[in-house]
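This report refers to the structure that appears directly beneath it.
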Amino acid sequence: MPFSASFIIEILGTISFTVSGVYSALQKRLDILGVLVIAFVTATGGGTIRDVLIGVTPVTWMRDLTLPCVILITTPATIIFRKKVRDYKITLFLFDAIGLGLFTIIGLQKGLSVSLHPAVCVVLGTVTGCFGSVVRDVLLNQIPTLFRTEIYATPSIAGGILYFVLLPVVDKTVVEVICIIFISGIRIIAFTRKWRFPSFL
Amino acid sequence: MPFSASFIIEILGTISFTVSGVYSALQKRLDILGVLVIAFVTATGGGTIRDVLIGVTPVTWMRDLTLPCVILITTPATIIFRKKVRDYKITLFLFDAIGLGLFTIIGLQKGLSVSLHPAVCVVLGTVTGCFGSVVRDVLLNQIPTLFRTEIYATPSIAGGILYFVLLPVVDKTVVEVICIIFISGIRIIAFTRKWRFPSFL
Amino acid sequence: MPFSASFIIEILGTISFTVSGVYSALQKRLDILGVLVIAFVTATGGGTIRDVLIGVTPVTWMRDLTLPCVILITTPATIIFRKKVRDYKITLFLFDAIGLGLFTIIGLQKGLSVSLHPAVCVVLGTVTGCFGSVVRDVLLNQIPTLFRTEIYATPSIAGGILYFVLLPVVDKTVVEVICIIFISGIRIIAFTRKWRFPSFL
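Those protein sequences? They're chains A, B and C, same order as listed.
Taking numbering that gives the first Met the number 0, the leading residue of the first sequence gets 0, the next gets one more, and so forth.
Taking numbering that gives the first Met the number 0, the leading residue of the second sequence gets 0, the next gets one more, and so forth.
Taking numbering that gives the first Met the number 0, the leading residue of the third sequence gets 0, the next gets one more, and so forth.
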């Protein structure tokens, strides 16, 4: 994927993840620092877990400060304009969906770069895209919403599998673009149609 | 310990840990993906924490996919047959006890392989055998049962100490077998006699 | 800073962190092992997270057993004398404040030793000084107090910034001493005057 497109999506995705972190934190009445930590963890947690599990350390956000800066600007802006930001719910959801696609592919490729099995790479893509919200929920003392309410990880997993299906037959850049569109697309459809997995018992 | 015996116990232990993860997740009404993540984390969490703390990365389950496959088969099977599986409670408890023994010794030996102090190796053995349930409980938003209801970690710790007591005087393979039997034995006795540690205040 | 002074503060700080862990655990009616794990995690958790994120493994407490021994002695002593220990609340608070200062500077310098950006080093200092309590609270199933009730991380952050402001103009040992006094001092003033950050919504 062209670097500049990837870079812009990464920033938009990070903004969206940060905003969602800020709202979750505000609901629990945290102070400024608490809100900042939760926002940071929501936006960077998935990639951090991935880096720690595969041993790529110091973790990514310590070596490239672009995303930390985005979070540091987005957090106070969201707090101050928290009533106005709500009007952009749909825009933020789109950023989130496209961010999920990009982060999944980034995570998957990091797995490939350390020669892991494709199945493990799919898991790493999903962890990168989805597990920031798990760390956020653990810190906010609630059961991760990822595990029960919405179809969020499934597009990630499906897109990761699609990546390895297409890779032998299509150019790598094209595969990346297709998979990101595919993941964002399923995520948006699943959300608008309120698809859900069954729960048991 | 002969490789094949170790391998079979590892699989039986993993099945038992997975089943316990599935039941815990079902009680919290998670969806399929949530149940799978909890089952996975219950079965692999202890070893993953150990690997991350000692810096053996990518963590073990990423490099050998046997146990992930066992978990991937056991989870849906347990969900589907969840009423029947309950009849095998005692069998599963025995798998769990023997798994605790084996995982403790595996963890302890990983510590030795990176030249850590015996006391740290005993801790690593205990972490490997017992901390999957801690990660599970944290994700399910409950205080880890390891910390309050049952004697679970104590056999692990005692068996780890026994390992270093016997090692200078007995053949290594024999020490391994003795320690696994010892840990499983104490675990079974502690469970059937409902031994408990006191809590305070 | 002279090694011996640093060493003594490290032990006093660890004692204080351990005692605070023991009290938190006792309130949740954990058994002996649970209390020990919580005490251990409170005292070592910040440094452990730092080491894992920057890839310095095996983590520090596995390579130098001084602090684990301090925790292992302090925990049962605190349990046994738990009514008497309360009379030393102010002493323990002073140990805690000075420990916060020292651990912050230790963490910051670990970041420098792997060539990270000063801003990241300030974060690592704060994580080292403050995040043991976050792990403790997550394991005890409560929202981290760090995120909402007291000004705890702020002195750490301010002291970290001061470190890099002074470093070009003052001798390194002097900078260390000034920053530790500065962090402890703000922490003590913030506590006694009950400073708080605002929370929102």
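Glycine is no exception: its CB is placed at the ideal position from the N, C-alpha and C atoms.
Run through chain A and tell me which residues come within less than 9 Å of C:Val137, C-beta to C-beta.
Looking up residue 137 of chain C in the third sequence gives position 138. Here the neighbours are Val137, Leu138 and Asn140.
Could you say which of A:Gly12, A:Thr153, A:Thr41 and A:Ile8 lies nearest to A:Ala24 if we only look at CA atoms?
Your numbering for residue 24 of chain A matches position 25 in the first sequence. It is A:Thr41.
Comparing C-alpha positions only, which one of B:Phe16, B:Ser183 and B:Lys109 sits nearest to B:Thr59?
Locating residue 59 of chain B in the second sequence gives position 60, where the first residue counts as 1. That would be B:Lys109, whose Cα lies nearest to the Cα of B:Thr59.
Rounded to whole angstroms, how far is the Cβ of A:Pro143 from the Cβ of A:Ser132, which I believe are closer than 8 Å?
Sequence index remark: in the first sequence, residue 143 of chain A carries index 144 (1-based). Sequence index remark: in the first sequence, residue 132 of chain A carries index 133 (1-based). Contact holds; Cβ gap of about 7 Å.
Suppose the cutoff is 7 Å on Cβ atoms and the five residues either side in sequence are ignored; what does the same chain contact list for B:Ile160 look like?
Start at 1 with the first residue of the second sequence, and residue 160 of chain B comes out as number 161. Excluding positions up to five away in sequence, the list reads Val121.
Would you check if there are 3 or more beta carbon pairs closer than 8 Å linking the stretch 180-188 of chain A to the stretch 13-20 of chain B?
Taking 8 Å as the limit for Cβ pairs, the verdict is that the stretch 13-20 of chain B does not touch the stretch 180-188 of chain A.
Could you compute how far the alpha carbon of B:Leu107 sits from the alpha carbon of C:Leu29?
The residue given as residue 107 of chain B occupies position 108 in the second sequence. The residue given as residue 29 of chain C occupies position 30 in the third sequence. The straight-line gap from Cα to Cα measures roughly 26 Å.
Residues of chain B with a CB under 7 Å from the CB of C:Lys27: which are they?
For the purposes of this step, residue 27 of chain C is taken as residue 28 along the third sequence, with counting starting at 1. By Cβ distance, chain B contributes Ile142.
At a Cβ threshold of 8 Å, is A:Val12 touching chain B?
Reading the first sequence from its first residue, position 13 is the one you call residue 12 of chain A. One detail in the question is off: residue 12 of chain A reads as Gly in this sequence, not Val. Answer no: the Cβ-Cβ gap between A:Gly12 and chain B never drops below 8 Å.
Whole-angstrom Cβ separation of A:Leu11 and A:Phe80, contact assumed at under 8 Å?
To locate residue 11 of chain A, count along the first sequence from 1; it is residue 12. To locate residue 80 of chain A, count along the first sequence from 1; it is residue 81. Not really, about 17 Å apart at Cβ, beyond 8 Å.
Report buried or exposed for B:Thr13, applying the criterion of at least 16 other Cβ atoms within 10 angstroms of its Cβ.
Within the second sequence, numbered from 1, the residue matching residue 13 of chain B stands at position 14. With 16 or more other Cβ atoms within 10 Å, it is buried.
Put B:Val113 into one of helix, strand or coil per three-state DSSP.
For the purposes of this step, residue 113 of chain B is taken as the residue at position 114 of the second sequence. Of the three classes helix, strand and coil, the one that applies to B:Val113 here is coil, per DSSP.
Looking only at its own chain, which residues have a Cβ that is under 6 Å from the Cβ of A:Val113, when we skip the five neighbours before and after it?
Mapped onto the first sequence, residue 113 of chain A falls at position 114. Closer than 6 Å at the Cβ level, and outside the excluded window around A:Val113, lie Ile53.
Taking only runs of the alpha helix (DSSP H) that begin and end inside the stretch 29-85 of chain A, which ones reach a length of at least 4 residues, in chain order?
Complete alpha helix (DSSP H) runs here, min 4: 31-53, 59-62, 65-79 and 81-84.
Cβ of B:Thr74 within 8 Å of Cβ of B:Val134?
On the second sequence, position 75 is the one that residue 74 of chain B refers to. On the second sequence, position 135 is the one that residue 134 of chain B refers to. Contact: no.
State the Cα-Cα distance for the pair A:Glu9 and C:Thr153, rounded to the nearest angstrom.
On the first sequence, residue 9 of chain A is found 10 positions in, with the first residue counted as 1. On the third sequence, residue 153 of chain C is found 154 positions in, with the first residue counted as 1. So the two alpha carbons sit approximately 30 Å from each other.
Leaving out five residues before and five after A:Asp50 in sequence, what residues of the same chain have Cβ atoms less than 8 Å from its Cβ?
Counting from 1 along the first sequence, the entry for residue 50 of chain A is found at position 51. Around A:Asp50: Thr56, Val58, Thr59 and Lys109.
Need the endpoints of the alpha helix (DSSP H) that C:Pro154 sits in, please.
One-based indexing of the third sequence puts residue 154 of chain C at position 155. It spans Ala152 to Leu165 - the alpha helix (DSSP H) in which C:Pro154 sits, taken as one unbroken run.
Can you look up A:Lys201 in the DSSP assignment and give me helix, strand or coil?
The requested residue 201 of chain A does not occur in the structure, where chain A is confined to residues 0 to 200.
Nearest to C:Leu99 by alpha carbon, out of C:Asp86, C:Ile150 and C:Arg192?
Indexing the third sequence from 1 puts residue 99 of chain C at position 100. Ranking C:Asp86, C:Ile150 and C:Arg192 by Cα distance to C:Leu99 puts C:Ile150 first.
Between B:Gly20 and chain A, is the shortest Cβ-Cβ distance under 8 Å, so that the two count as touching?
Sequence index remark: in the second sequence, residue 20 of chain B carries index 21 (1-based). Taking Cβ atoms only, chain A never reaches closer than 8 Å to B:Gly20, which makes this a no.
Is A:Val168 helix, strand or coil when you go by DSSP?
In the first sequence, counting from the first residue as 1, residue 168 of chain A sits at position 169. A:Val168: coil per DSSP, three-state reduction.
Which of the three DSSP states is assigned to C:Gln108 in this structure?
As a first step, residue 108 of chain C is located in the third sequence; it is residue number 109 there, counting from the start. It is helical.
To the nearest angstrom, how far is the alpha carbon of C:Leu115 from that of B:Leu123?
For the purposes of this step, residue 115 of chain C is taken as the residue at position 116 of the third sequence. For the purposes of this step, residue 123 of chain B is taken as the residue at position 124 of the second sequence. About 30 Å.
Give the residues from the stretch 43-61 of chain A that approach chain B closer than 7 Å (Cβ to any Cβ), ordered along the chain.
From the stretch 43-61 of chain A, only Val51, Leu52, Ile53 and Gly54 have a Cβ closer than 7 Å to chain B.
Taking just the CA atoms, how far does A:Gly44 sit from A:Ile37?
Against the first sequence, residue 37 of chain A aligns to sequence position 38. Against the first sequence, residue 44 of chain A aligns to sequence position 45. Taking the straight line from one Cα to the other gives about 10 Å.
Could you work out which residues of chain A lie near C:Val113, taking near to mean beta carbons separated by less than 7 Å?
Indexing the third sequence from 1 puts residue 113 of chain C at position 114. Pro57, listed in chain order.
What does a CB cutoff of less than 7 Å around B:Ile72 pick up in its chain, not counting 5 residues either side in sequence?
For this step, residue 72 of chain B is matched to residue 73 along the second sequence. Counting only Cβ-Cβ distances below 7 Å, and skipping sequence neighbours, we find nothing.
Alpha carbon to alpha carbon, how far is A:Leu139 from A:Ile31?
Along the first sequence, read from residue 1 onward, the residue named residue 139 of chain A stands at position 140. Along the first sequence, read from residue 1 onward, the residue named residue 31 of chain A stands at position 32. Near 15 Å, if we compare the C-alpha coordinates of A:Ile31 and A:Leu139.
Nearest to C:Ile104 by CA position, among C:Ser3, C:Gln26 and C:Lys171, is which residue?
The residue you call residue 104 of chain C lines up with position 105 of the third sequence. Ranking C:Ser3, C:Gln26 and C:Lys171 by Cα distance to C:Ile104 puts C:Lys171 first.
Is B:Thr127 near B:Phe163, with beta carbons less than 8 Å apart?
Taking the first residue of the second sequence as position 1, residue 127 of chain B is located at position 128. Taking the first residue of the second sequence as position 1, residue 163 of chain B is located at position 164. Contact: no.
Measuring only the C-alpha atoms, how far is A:Val137 from B:Leu111?
For the purposes of this step, residue 137 of chain A is taken as residue 138 along the first sequence, with counting starting at 1. For the purposes of this step, residue 111 of chain B is taken as residue 112 along the second sequence, with counting starting at 1. Those two C-alpha atoms are separated by around 33 Å.
Kindly give me the distance between the Cβ atoms of C:Thr125 and C:Ile156, rounded to whole angstroms, as I take these residues to be in contact under 8 Å.
Counted from its first residue, the third sequence places residue 125 of chain C at position 126. Counted from its first residue, the third sequence places residue 156 of chain C at position 157. Right, their Cβ atoms sit about 5 Å apart.
Am I right that B:Leu166 and B:Val174 are in contact with their C-beta atoms under 8 Å? What's the rounded C-beta distance?
Position 167 of the second sequence, counting from 1, holds the residue named residue 166 of chain B. Position 175 of the second sequence, counting from 1, holds the residue named residue 174 of chain B. Their Cβ separation, rounded to whole angstroms, is 6 Å, which keeps B:Leu166 and B:Val174 in contact under 8 Å.
Would B:Phe146 pass as an interface residue toward chain C - the criterion being a Cβ-Cβ separation below 8 Å?
Within the second sequence, the letter at position 147 stands for residue 146 of chain B. Chain C contact via Cβ: present.
How many Å lie between A:Val169 and A:Val119 at the Cα?
Residue numbering aside, residue 169 of chain A sits at position 170 when the first sequence is read from its first letter. Residue numbering aside, residue 119 of chain A sits at position 120 when the first sequence is read from its first letter. Each residue's Cα considered, the two are about 22 Å apart.
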